[in-house]
Amino acid sequence: MPISPIRITAYTLTNALGSGVDASLHALQSGRSGLRPCDFQDVDLSTWIGRVDGIEGQPLPAALSRFECRNNRLAHLALQADGFIERVDDAVCRYGADRIALFMGTSTSGIGATEEAYRRRDGRGNLPDDFQPATTHVIYSITDFVRSYLQLKGAALTVSTACSSSAKVFAAAQRYLAAGLCDAAVVGGVDTLCLTTLYGFNSLDLVSSRRCKPWDANRNGINIGEGAGFALLEPEQAGGKGSLLLGSGESSDAYHISTPHPEGRGAALAMRLALSQAGVAADEVGYINLHGTATPSNDAAEDAAVMQVFGGQIPCSSTKGWTGHTLGAAGAIEAIFTLMALESGFLPCSLNTEQQDEALSANLLLESVQQDIACAMSNSFGFGGNNCSLLFGCDR
Amino acid sequence: MKPVYIEAIGVVGPGLESWQQAAAILAGDSEYHACELPALKPTMLKPNERRRTTLTIKLALQAVQDALASNSYPDLSTVFTSSDGDMDIVDRICQALCLPDHPVSPTFFHNSVHNAPAGYCSIATGFHAPSTSLSGLNGSFAAGLLDAAVQAVVERQPVMLVAYDTPWPGALNRFRQRRSPFGVALVLHPQTSAQSFAELTLLPGAGGDESKMADSRLEQLRADTPAAASLPLLEAIANNSTVRLVLPYLVDEQIAVEVRPCN
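Sequences listed follow chains W and Y, in order. Per our numbering: the first sequence ends with 377, consecutive numbering throughout. Per our numbering: the second sequence ends with 1302, consecutive numbering throughout.
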């Protein structure tokens, strides 16, 4: 069953740069980072974070209060931008709610609600009665909430493969469309700041006390961010406007639970599979949005993989220095950054990178450039050695 | 949707040690003793790796090991599905976060990702093929079966589905319906072969009353534990039955599955 190109007919994103496509694009073009010294709750780590303003003051609609947690609030906030809800409603009119699938990616979903409930335990260790983990904490919660809010009735699931989660939802949508199980799909990724990831990554010595510096000689770890991205995917032949998802590639490192294969073996395989599914040659690709977390081992592995597949000419950048690492939302947010690069011709620099590591050879953009491109790739790699590369192209 | 063919099965649960033993129980050839979970020792993982894993990871890998005991594959795509993942780790991390200095264990943290069982599986098998880890809440088995069947049919590759769930521990337990530890692994192939047990045709959108188990203890297991929603399917395969089953899927939705024996 051949995979046909998929048209991305609408998209939106919210991250530390702001809400909506224009907020992100203006920040990228004006060189304004979304990172700030950590001011999340009472966290006492010396690090920088990519926090989204205003989540605390924006509760969910009362009818959906059972989903009340930071992660679902961020999803709700993000859905308000760029007329995305209207575009989904329009698709519902054209296809029917039961023919629109929903695939959401998240790493930690609403675990913050559980962290907070543990802090409210009584003297005997009992959790508070108002704790509702089945609609907040669990990883299906984000899909449950968005499906209820958008009133979709097609196939649905949550993908949770750490930091590749919301790249893989695009591949899932391709397959369900190819199998005829849906006529359109809403895909997305949402992850929010929480103590589990801040202190957890810190326990692995992966959190930087400075602004993260992808590919830099002095890079020493990540800054954690939060964000949400959504896209509406329809078959190319359905018409309309929008860039195309040309191919996706997924692979497993089969190497280590939290460290990538040192030569980037799984990452290279994912990139090659995306190219081969699309029938696009490596030299036709004009830009790569790197996973680029800024840990020493992740960037080294990805650099090796990019060099194997593309060589050292192709312009690359990591946008982690703008938003922080949004973990399970990174796939969707950076897919949208890649679409923005295709459509605007603005290739953002790898912010905060001062001196590229001499051991790394990729053509990292230290300054943003304006350059028309026809194809661009977005890389997402996660714990468990889980890799996903997406290849997007301009409408032909 | 085109049918898929099951060509390997692994099972582990209370009183269920392997597909071979479970098939005899489900076919009525031996009695079901609803006892404790058998000792889990997924030797496919090296001892140093195994020592760092949890009950949830071991349970999933035990089912995988059982499924791969009869057939070997050079590479295999995998779909791991679980309602809530590893709540033991969540409990431990959330307790640690309440202590001074928040001493989260790095091993617990990297094992806390929903795809930890899939990651350990790829390390143990050397599979480089795509792997996804998902949830459809109480319909996680059907959501995983559908996703695996879609992958097998569209990518024209065999896919291993692994469904697993474990009980919620400690203070969390009262917030979730009772769950038993249960794991099942099914290798789905887009074409029939000499190894095929059964042909499955999935009918998403077709509803009806959920298929149930006649044995009250197995029915309790099925109703409580999302991964054990596979039991009516396993029973049909063990009995070489031709049957249309209805499995729980998303909230208030079902998926019908037509099962036919092969060979």
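By construction, the Cβ of each residue, glycine as well, lies at the ideal position given by its N, Cα and C atoms.
C-alpha distance - residue i paired with residue j, whole-angstrom precision
i, j, result
"G230 of chain W", "A255 of chain W", "4 Å"
"R995 of chain Y", "I1045 of chain Y", "Because residue 995 of chain Y is not part of the residues shown, which for chain Y are 1040 to 1302, the question remains open."
"A72 of chain W", "P40 of chain W", "27 Å"
"M288 of chain W", "Q294 of chain W", "9 Å"
"H242 of chain W", "F1147 of chain Y", "21 Å"
"L1185 of chain Y", "L162 of chain W", "10 Å"
"V1193 of chain Y", "A1181 of chain Y", "18 Å"
"L1098 of chain Y", "R1091 of chain Y", "14 Å"
"R192 of chain W", "G169 of chain W", "27 Å"
"F211 of chain W", "E49 of chain W", "20 Å"
"S331 of chain W", "A1268 of chain Y", "48 Å"
"A1063 of chain Y", "G86 of chain W", "39 Å"
"E1249 of chain Y", "A1102 of chain Y", "24 Å"
"Y180 of chain W", "L1241 of chain Y", "43 Å"
"A62 of chain W", "A313 of chain W", "15 Å"
"A1224 of chain Y", "M1199 of chain Y", "7 Å"
"A355 of chain W", "V266 of chain W", "7 Å"
"V1201 of chain Y", "N1110 of chain Y", "16 Å"
"L26 of chain W", "A1155 of chain Y", "26 Å"
"W1207 of chain Y", "R32 of chain W", "31 Å"
Within-8 Å CB hit, residue i to chain W
i, result
"N1087 of chain Y", "no"
"T1264 of chain Y", "no"
"G1175 of chain Y", "yes"
"M1040 of chain Y", "yes"
"T1171 of chain Y", "yes"
"R1215 of chain Y", "yes"
"Q1134 of chain Y", "yes"
"I1048 of chain Y", "no"
"Q1190 of chain Y", "yes"
"S1111 of chain Y", "no"
Boundaries of the alpha helix (DSSP H) in which residue i is found, first to last residue
i, result
"D172 of chain W", "Careful: D172 of chain W lies outside any alpha helix (DSSP H), inside the beta strand (DSSP E) at 165 to 172."
"P1086 of chain Y", "1086 to 1090"
"V1193 of chain Y", "1179 to 1194"
"D1125 of chain Y", "Careful: D1125 of chain Y lies outside any alpha helix (DSSP H) and carries neither H nor E."
"C74 of chain W", "65 to 76"
"P296 of chain W", "Element bounds for P296 of chain W: not the alpha helix (DSSP H) but the beta strand (DSSP E), 296 to 298."
"F151 of chain W", "146 to 159"
CB contact check: residue i to chain Y, cutoff 8 Å
i, result
"F362 of chain W", "no"
"L108 of chain W", "yes"
"R54 of chain W", "no"
"F112 of chain W", "yes"
"N279 of chain W", "no"
"A249 of chain W", "no"
"T(-7) of chain W", "no"
"L79 of chain W", "Leu is not the amino acid found at residue 79 of chain W; the sequence shown has Asp there. Answer yes: the Cβ-Cβ gap between D79 of chain W and chain Y drops below 8 Å somewhere."
"D125 of chain W", "yes"
Under the three-state DSSP convention, the category residue i falls into
i, result
"Q1234 of chain Y", "coil"
"H1228 of chain Y", "strand"
"D125 of chain W", "helix"
"N360 of chain W", "strand"
"I(-16) of chain W", "coil"
"V1298 of chain Y", "strand"
"A(-3) of chain W", "coil"
"Q336 of chain W", "coil"
"M1040 of chain Y", "coil"
"R1215 of chain Y", "coil"
"F379 of chain W", "No answer is possible for residue 379 of chain W: the residues shown for chain W start at -18 and end at 377."
"T139 of chain W", "strand"
"C50 of chain W", "coil"
"L1286 of chain Y", "strand"
"N199 of chain W", "coil"
N- and C-terminal bounds of the beta strand (DSSP E) containing residue i
i, result
"F1119 of chain Y", "1116 to 1120"
"S325 of chain W", "First-last for S325 of chain W: 311 to 325, but that is the alpha helix (DSSP H), not the beta strand (DSSP E)."
"N270 of chain W", "268 to 270"
"Y1044 of chain Y", "1043 to 1051"
"L1200 of chain Y", "1198 to 1204"
"A209 of chain W", "208 to 216"
"P1145 of chain Y", "Unbroken run through P1145 of chain Y is the alpha helix (DSSP H), 1145 to 1150; no beta strand (DSSP E)."
Whole-angstrom C-beta distance between residue j and residue i, which should lie under 8 Å
i, j, result
"I203 of chain W", "A275 of chain W", "6 Å"
"C1074 of chain Y", "G1052 of chain Y", "Wrong, their Cβ atoms sit about 11 Å apart, outside the cutoff."
"S1174 of chain Y", "T139 of chain W", "5 Å"
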